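Some notes on the structure that comes next.
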Amino acid sequence: MGITEGTRAAEAAGTPYTVSPAAARRRTLLRAGSYAVPAAVVLLAVLTADRARLADQFARLSLAGTMFPEVLTVALLNTVLYTAGGFVFGLVLGLGIAVMRLSGVRLYRWLAMAYIEVFRGLPALLVFVFVGVGVPLAFPGVHFPGGVYGQVTFALGLVAAAYMAETIRAGIEAVPRGQWEAARSLGMSHGRALVSVVAPQAFRIVVPPLTNELILLFKDSSLVLFLGVTLQDRELTKFGQDMASASANTTPIVVAGCCYLLITVPLSVLVRRLERRNHRMR
Amino acid sequence: MRTHPGSPPEPSTPPPAIEIRGLCKSFGNKDVLSSIDLDVAPGEVVCVIGPSGSGKSTLLRCVSLLETPSAGRVVVNGTEVTAAEVDIDRVRRGVGMVFQHFNLFPHLTVLGNLTLAQRRVLRRGRKEAERVARENLDRVGLADRADDYPARLSGGQQQRVAIARALSMEPRLMLFDEPTSALDPELVGEVLAVMRRLALDGMTMMVVTHEMGFARQVADRVVFMDAGTVIEEGGPAQVLEAPRHERTRRFLSRLLDPLTVPGPARTRQEPAPAR
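One line per chain: the protein sequences are A and B, in this order.
Position 220 of the first sequence, counted from 1, bears residue number 205 in this note's numbering, the numbering being contiguous throughout.
One rule links them: number in this note's numbering = place in the second sequence (from 1) + 756.
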């Protein structure tokens, strides 16, 4: 081919398009080094570590075996239930706040903004302690419907609503103005246009970020630890911690961690797939 | 000359489909429209032409109240839309609007686009709505694309669907806001053909356009706007071929010869200096 011949000729002539032999050697070395150095570190770690002790501390199979089936039927189940409760409550509240945030009434906009700023600015842990400790002290005799489950739903939902409201607002605003205009021109009211035309399109935009929020909630449900829960109400982190301190071994923590990843990794794969799908549709 | 809304139209002078009096619109302190007077009679096709930024789109959007007029009166199909207590959703049902960028609903099929407002606004049943939708799709020559999503259609097809969507509400009046400006040149013809057939069927139309051929052949009246005012109006032959006003002449000559440099030196014949 003419092009290859031309390139060879250029190489022979030593034109600026070719790399000097010294530079080429340096490049090869760098590439080899970027694999060799991490490999050496791993090898060193494996050789020097007290493998038997580590295996016993992090992966004592007999201990891990005693965690089943409760780690799934109680702990993982509770984690999922707490997350689901917080997510649904947060979504409903967040939707309301997002609509207020976009309202024509300045008071509503202001209230929504105040809510978002407050709950995004507070640590989730503080909200949990407030709900779990503060509220019962302030209103003695008042019990949350659903007990711990109600408390977690409420606390997680309060925090999640602030983030979801902003996500939903951004989603609604991302729908082009022409969609509103077309809907209104066909005689639809503002509300009808929102429900039938804008919301379905905004929904597709906000599903990936809301799934991300679900992952965050899944992890934050561990904060229930600070509410003081009964054996039946324990979720993954509390369950793992209790077993770990009872057995003076880290294996239960590792098992609990794996249970989290069992849910979060597929979810984040799903998010990436949804994002790619949305990207293609643009 | 004007009849009250609701009273039977007099056979000699029917009330106008659109009556615009002293319409002003400003964005901030920028006056986009200054004191526009314009009537469109039932069955009439009026083309509004003029340079970009002359306010012609804003004028059209004031008729369907997508923009709120700053002052003046707009009466559409006998209803004063600028009145405070007007039910704008009800007025808009009688006014079809076609946009430059089609604005089809991307999450619905073509059929869904055509039936949504029929069902939700006119409360028609599914069968009735689909019958009307298919009738109008047939009218724009797209009967076989009912189940496609808009993204699958060409720009020209999308705009024809948008026209069919507006027609499905059985409006008494259609507004077109530069309906072919976003289209590839080879797709313009199919949209204009649909619009021309609509005009021949007797639809009242107000068309903001740069298509002078369409204006010449289809319009009953051409309105030339510049800098937020109506400079002149009249039959297409008069305005397009024998414009009375200097600004109209300048605009039209620039359209015919786009390479002409605008400005006072436009009569200069000598070649441009070499770069």
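By construction, the Cβ of each residue, glycine as well, lies at the ideal position given by its N, Cα and C atoms.
Predicted model only: the values in this text are computed from it and were never measured.
Burial check for Arg908/B: the Cβ neighbour count within 10 Å stays below 16, so the residue is exposed. Of the residues assessed, Ser810/B falls on the buried side of the cut-off, its CB having 16 or more other CB atoms within 10 angstroms. Using a CB distance cut-off of 7 Å, Val877/B counts as an interface residue toward chain A. For Met925/B, there is no enclosing alpha helix (DSSP H), as DSSP gives it neither H nor E. Contacts with chain A at 7 Å (Cβ-Cβ) include Asp845/B.
Contact note: Pro185/A reaches chain B through His863, using a C-beta cutoff of 8 Å and chain order.
For Thr865/B, the secondary structure class from DSSP, reduced to helix, strand or coil, is coil. Per DSSP, Gly811/B lies in no alpha helix (DSSP H) and is assigned neither H nor E.
Residue-level contact check: Ser820/B touches chain A, since one or more beta carbons of chain A fall below 7 Å from its beta carbon.
Listed as beta-bridge partners of Cys780/B by DSSP are Ala827/B. Distance between Gly106/A and Ala140/A, taken at the CA atoms: about 15 Å. Here Gly225/A is buried, its C-beta having at least 16 other C-beta atoms within 10 Å. Residue burial annotation: Thr236/A is buried, with at least 16 other C-beta atoms found within 10 angstroms of its C-beta. Contact annotation: Leu872/B and Ser174/A have beta-carbon atoms that are not nearer than 7 Å.
Non-local C-beta neighbours of Pro121/A in its own chain, meaning closer than 6 Å and more than five positions away in sequence, are absent. Listed in chain order, the alpha helix (DSSP H) elements of length 4 or more contained wholly in the stretch 924 to 969 of chain B are 941 to 956. Secondary structure in the stretch 7 to 71 of chain A: no beta strand (DSSP E) run of 3 residues or longer lies completely within the stretch.
Taking a Cβ-Cβ threshold of 9 Å, none of the residues of chain A is close to Arg890/B; the smallest such distance is about 18 Å. Across the set Arg94/A, Arg91/A, Leu66/A and Gln136/A, the C-alpha of Gln136/A shows the shortest separation from the C-alpha of Val112/A. Contact between the stretch 228 to 243 of chain A and the stretch 69 to 85 of chain A is absent: fewer than 3 CB-CB pairs across the two stretches fall below 8 Å. For the C-beta of Ala873/B, the chain A residues within less than 7 Å are, from N- to C-terminus, Leu171, Gly172 and Met173.
Taken residue by residue, none of the stretch 823 to 840 of chain B has a beta-carbon sitting less than 9 Å from a beta-carbon on chain A. With contacts defined by Cβ atoms closer than 7 Å, Asp900/B and Val866/B do not form a contacting pair.
Interface annotation, Glu158/A: not in contact with chain B, CB-CB separation never under 7 Å.
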